[in-house]
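In our numbering, the protein residues as written are 947 to 1047.
C-beta atoms are modelled at their ideal positions from N, C-alpha and C, and glycine is treated no differently.
Step one of this worksheet: look at the structure below.
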Amino acid sequence: MKSFGFTLLEVMIALAILSLVAIAFLRFQAGSIRLIDEAHYISLATLLAKEKMSEMETKGFAEPGKSSGEGEESFPGFKWARIVSATEVGNVQKVQVKVLW
C-alpha cells in the first residue's frame, strides 16, 4: 500500500526545523536594528564633535582648559567635553572633543 501523505512525525520535524530558522532570523533582525540605532548615535556624536571644533575655529581658539555642555535641540541626550592644552610647538594647541550619549 502506497502512502502519498505525510506522517505526523514528519510534519512535527518540519515545523521544528522551520521554528529554529524563524528564531535565528528574528535574532538576526533584532541585532541589525540595534546596530542601525547605534550607527545613528555614532553619526550624531560625530556631527556634534565637528560642530564644536568648527565653533572653536570660528570664535578663535581658547586658552588651555576644559569646557563642557549638553547637546542643543539637534542633539538631545548628548553631552560633550572639550579639552584644550598647550603644546611645545609655538602657537599650536591640542584640542580633544569627547561626546557621550
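With respect to A1008, V1030 sits close: the two C-beta atoms are nearer than 8 Å. Following the DSSP letters along the chain, one finds E1016 inside the beta strand (DSSP E) bounded by residues G1011 to E1016.
Inter-residue distance for K1040 and S989 is about 23 Å (C-alpha atoms, whole angstroms).
An exposed status is given to F971, since fewer than 16 other beta-carbon atoms sit within 10 Å of its beta-carbon. Excluding the 5 residues flanking it on each side, A985 has no same chain C-beta neighbour closer than 8 Å. Going by DSSP, S949 is part of no beta strand (DSSP E) at all; its letter is neither H nor E.
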